[in-house]
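A.B. asks:
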Amino acid sequence: MGAATRPTPHPRWRRTLTAGVASGVLVLAPLGGAAWAAPVAHPDGAELRCDSSVSAQLDAVVTATLERTGVPGVIVGVSGPDCRYEAAFGVADTATGEPMRTDFHSRIGSETKTFTVTALLQLVDDGAVGLDDPIGEYVAGVPEGDRITLRQLARMQSGLFNYSADEDFFQALASDPYRSFTPQQLLEYSFAHPLNFPPGEGWEYSNTNTILLGLVVEQVSGLPLHEYLEQEVLEPLALDDTVLPTDNAFPEPHAEGYTAFEGQVVVATDFNPSWGWAAGAMTSTLDDLQTWAEAVARGTLLEPGTQAQRLETAAPPGALPGVGYGLGIFVVQGWIGHNGSLPGYQSLTLHLPERETSLVVLLNSDAPPLSGDVAQSSSAFGTAITEVISPDDVFRLDP
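As C-alpha cells, this is what we get:
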C-alpha cells in the first residue's frame with residue numbers, strides 16, 4: 001500500500017452510536033462529500049459464474065451504491081446453487097489508486113459476535129454451561145449479575161449499559177486510537193452506569209453483553225478466547241484466514257481503512273481493535289465469510305436444538321417487520337447473519353436458507369453515507385444486492 005497520513009484524532013472527535021440491530025460501534029461525522037476513484041469491477045482473480053444478465057445487474061447496483069454512499073472500495077460475494085459472483089470495486093488506497101481485490105483481509109467488527117456466541121453455544125452443547133445460568137456464576141461484579149442470564153446477554157436483553165456509549169471511554173479511544181484496552185477496563189465503563197431496564201424486560205444493543213460472554217468462554221474452557229475460537233470454531237471449518245487478534249495485527253494483504261474526523265478523511269487501518277475484543281475485533285476474508293455465512297446460519301457446529309434456540313428472536317424497538325435479534329445473530333426478512341462496523345471498515349455476512357444463498361459485503365470505510373437516506377453503507381449494499389438476487393426476500397435493516 002502507498003504511504004498515507006495518519007493524523008492522531010483530537011479528543012473533540014465526536015460520535016454517535018448505532019441504536020438498531022447494526023453493530024453498535026463508532027459512527028463518525030460525515031465526510032462532507034469526499035470523492036474517491038471511479039469503481040473498478042472484476043479485477044484479476046474475480047469469479048463470475050452467474051447468468052450474464054444477473055452479473056450485469058449486480059455490477060450496476062454495486063457501482064450505483066458505491067457512488068451513492070461515497071465508500072472508496074467494496075468487495076462483494078454471492079454464492080448459491082446457480083450463481084457464484086465475486087468482485088471488487090473502487091480503490092483500496094486513495095493515495096495510490098490501488099484497486100480493491102477479492103483476496104483482501106478485512107476487519108469485520110461486530111460480526112465477531114457470531115463467533116463468540118457460537119463458542120458459548122458449543123459449551124452449552126457440552127453441558128459445561130446453561131443458557132439460563134446467571135452471569136454472576138462466572139464473572140464477579142456484574143450489576144444484577146444474579147439475575148442476568150447468559151441467554152439475555154446473547155440476545156441483547158440484559159439491560160447493561162453499552163460501554164462504547166460511555167463518554168469517558170469515547171474520550172480515551174478518540175485521544176489515542178492505537179492504545180490497548182483490556183476486557184476488565186471495558187466493563188468498568190459499563191458498570192459505572194445503572195441498567196437501562198430490568199433484565200429480560202427490554203432490548204438494547206450493547207457490546208458489554210458479548211465482552212462478558214467472551215469471559216465466560218475463557219473461564220469455562222480454560223483457554224484464551226482467541227485460542228478457543230481457533231481450535232473449536234475456525235479450524236473445524238477450515239477458516240484459515242480468520243483470526244481474533246490480540247493486538248492491532250492485521251494480516252496482509254488488506255485495504256487501507258478510512259474514517260472521518262472533524263470533516264477530514266483519516267486512515268484508520270492500524271487503529272487498535274482491542275476495544276471491541278469478543279464483540280468486534282476479528283479479521284477475515286471474503287472466502288472465509290462465505291463459508292461462515294452458511295455454517296452459522298445452519299448451525300453446523302451446534303446441536304439442532306441449540307441452533308433452534310439461537311434463532312428465537314426478540315424484536316428491537318422500532319424495527320421493521322421481519323427484523324429480529326437472536327443469540328448473537330439477527331434475522332432480517334429471512335436472511336440470517338450479522339453486520340459489523342468499526343473505524344475504517346464495515347461488513348455484512350448473510351445466508352438465506354430458503355434459497356441456499358449467501359452474501360458477503362466488505363467495505364473499507366465506516367464513515368456515514370453521503371446519501372442522507374441511508375443509515376449505514378453495508379445495509380445499503382445488502383438491500384441493493386438482494387433486490388437482484390432474492391426480490392421476494394429483500395434484506396432491509398434500515399427504516
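Heads up: the sequence shown begins at 1 in UniProt numbering, then just goes up one per residue. Even for Gly, the Cβ is constructed at its ideal location relative to N, Cα and C.
#1: Residues in its own chain within less than 8 Å of Gln219 by CB, not counting five upstream and five downstream?
#2: Should the segment 350-367 be called in touch with the segment 375-394, which here means at least 3 C-beta pairs below 8 Å?
#3: Is DSSP giving Arg68 helix, strand or coil here?
#4: Return the Cβ separation of Ala302 and Asp125 in integer angstroms, given the expectation that the two are a contact with Cβ distance under 8 Å.
#5: Taking the alpha-carbon positions, what's the Ala29 to Leu370 distance?
#6: Would you identify the three-state DSSP class for Leu397, choosing helix, strand or coil?
#7: Could you check what DSSP says for Glu86 in three-state terms: helix, strand or coil?
#8: Does DSSP put Gly141 in a helix, in a strand, or in coil?
#9: Would Thr283 and Val243 qualify as a contact pair, given that the criterion is a beta-carbon distance under 8 Å?
#10: Would you mind working out which of Ser377, Gln57, Ile75 and Ala384 sits nearest Thr259, comparing C-alpha positions?
#11: As an exercise, report each continuous alpha helix (DSSP H) stretch of at least 4 residues that is fully enclosed by the segment 146-206, in chain order.
#12: Tell me the DSSP secondary structure of Val217 in three-state form.
#13: Excluding the 5 residues preceding and the 5 following Leu286 in the sequence, name in chain order all residues of the same chain whose CB lies nearer than 7 Å to its CB.
#14: According to the neighbour-count rule (16 or more other Cβ atoms, all chains shown, within 10 Å of its Cβ), is Ala297 buried or exposed?
#15: Which of the three DSSP states is assigned to Ala128 in this structure?
#16: Specify the secondary structure class of Arg298 as computed by DSSP and reduced to three states.
#17: By DSSP, does Ser390 sit in helix, in strand, or in coil?
#18: Tell me whether the beta-carbon of Gly159 lies closer than 8 Å to the beta-carbon of Asn207.
#19: Which residues in the same chain have their Cβ closer than 7 Å to the Cβ of Leu229, if we skip the five residues on either side of it in sequence?
#20: Short check: CB of Ser183 to CB of Phe271, under 8 Å?
#21: If you draw a straight line from the alpha carbon of Gly340 to that of Ala279, how long is it in whole angstroms?
#22: Do you know how far the Cα of Leu237 is from the Cα of Thr383?
#23: If you reduce the DSSP assignment to three classes, tell me which class Glu303 lands in.
#24: Determine the extent of the beta strand (DSSP E) in which Leu342 is found, giving its start and end residues.
#25: Could you pull out every residue in the same chain whose Cβ sits closer than 7 Å to the Cβ of Gly334, ignoring the five residues on either side in sequence?
#26: Work out the CA separation of Asp288 and Asp133 for me, nearest whole Å.
#27: In the DSSP assignment, what residue or residues form a beta bridge with Ser358?
#28: Can you give the Cα-Cα distance for Ile211 and Thr112, rounded to whole angstroms?
C.D. replies: Let me lay it out:
#1: Here residue 219 refers to the residue found at position 219 of the sequence shown. Here the set comprises Tyr138 and Val139.
#2: yes
#3: As a first step, residue 68 must be located in the sequence shown, where it is residue number 68. Annotated three-state conformation of Arg68 is helix, per DSSP.
#4: On the sequence shown, residue 302 is found 302 positions in, with the first residue counted as 1. On the sequence shown, residue 125 is found 125 positions in, with the first residue counted as 1. At residue 302 the sequence reads Leu, which differs from the Ala that was named. That belief holds up - the Cβ atoms of Leu302 and Asp125 are roughly 6 Å apart, short of 8 Å.
#5: Here residue 29 refers to the residue found at position 29 when the sequence shown is read from its first residue. Here residue 370 refers to the residue found at position 370 when the sequence shown is read from its first residue. A caution first: Ala29 carries a pLDDT of 27, below 50, which makes its placement in the model too unreliable to give a value.
#6: On the sequence shown, residue 397 is found 397 positions in, with the first residue counted as 1. The three-state reading of DSSP puts Leu397 in coil, since its state is none of H, G, I, E or B.
#7: Here residue 86 refers to the residue found at position 86 when the sequence shown is read from its first residue. If DSSP states are grouped into helix, strand and coil, Glu86 belongs with the strands.
#8: Position 141 of the sequence shown, counting from 1, holds the residue named residue 141. Three-state result, Gly141: coil.
#9: Indexing the sequence shown from 1 puts residue 283 at position 283. Indexing the sequence shown from 1 puts residue 243 at position 243. Against a cut-off of 8 Å, the Cβ pair of Val243 and Thr283 comes out as a contact.
#10: As a position in the sequence shown, residue 259 is number 259, starting the count at 1. When only C-alpha atoms are compared, the closest one is Ser377.
#11: 150-154, 167-175 and 183-191
#12: On the sequence shown, position 217 is the one that residue 217 refers to. DSSP places Val217 in helix when its eight states are reduced to three.
#13: Here residue 286 corresponds to residue number 286 of the sequence shown, with the count starting at 1. Sequence-distant Cβ neighbours of Leu286 in its own chain, meaning closer than 7 Å and more than five residues away, are Ile75, Gly77, Glu86, Thr102, Val360 and Leu362.
#14: Locating residue 297 in the sequence shown gives position 297, where the first residue counts as 1. Ala297 is classed as buried because its beta carbon has at least 16 other beta carbons within 10 Å across all chains shown.
#15: Mapped onto the sequence shown, residue 128 falls at position 128. Coil at Ala128, not helix or strand.
#16: For the purposes of this step, residue 298 is taken as residue 298 along the sequence shown, with counting starting at 1. Correct three-state label for Arg298: helix.
#17: Numbered from its first residue, the sequence shown carries residue 390 at position 390. Coil, per DSSP.
#18: Start at 1 with the first residue of the sequence shown, and residue 159 comes out as number 159. Start at 1 with the first residue of the sequence shown, and residue 207 comes out as number 207. Result no, Cβ atoms of Gly159 and Asn207 do not sit closer than 8 Å.
#19: To locate residue 229, count along the sequence shown from 1; it is residue 229. Phe115, Ala119 and Leu244.
#20: Locating residue 183 in the sequence shown gives position 183, where the first residue counts as 1. Locating residue 271 in the sequence shown gives position 271, where the first residue counts as 1. Residue 183 is actually Pro in this sequence, not Ser. No; because the gap between Cβ atoms is not below 8 Å, this pair is not in contact.
#21: Here residue 340 is taken as the residue at index 340 of the sequence shown, counted from 1. Here residue 279 is taken as the residue at index 279 of the sequence shown, counted from 1. Straight through space, the alpha carbons of Ala279 and Gly340 are spaced by roughly 10 Å.
#22: For the purposes of this step, residue 383 is taken as the residue at position 383 of the sequence shown. For the purposes of this step, residue 237 is taken as the residue at position 237 of the sequence shown. So the two alpha carbons sit approximately 28 Å from each other.
#23: Along the sequence shown, one-based indexing puts residue 303 at 303. DSSP places Glu303 in coil when its eight states are reduced to three.
#24: For this step, residue 342 is matched to residue 342 along the sequence shown. Run containing Leu342: Trp335 to Leu342, per the beta strand (DSSP E) assignment.
#25: Your numbering for residue 334 matches position 334 in the sequence shown. Cβ neighbours of Gly334 beyond the five flanking positions: Leu352, Glu354 and Asp393.
#26: Translated into the one-based positions of the sequence shown, residue 133 becomes position 133. Translated into the one-based positions of the sequence shown, residue 288 becomes position 288. The straight-line gap from Cα to Cα measures roughly 32 Å.
#27: As a position in the sequence shown, residue 358 is number 358, starting the count at 1. According to DSSP, which records beta bridges pairwise, Ser358 is partnered with Ser79 and His351.
#28: Looking up residue 211 in the sequence shown gives position 211. Looking up residue 112 in the sequence shown gives position 112. In a straight line, the C-alpha of Ile211 is about 11 Å away from that of Thr112.
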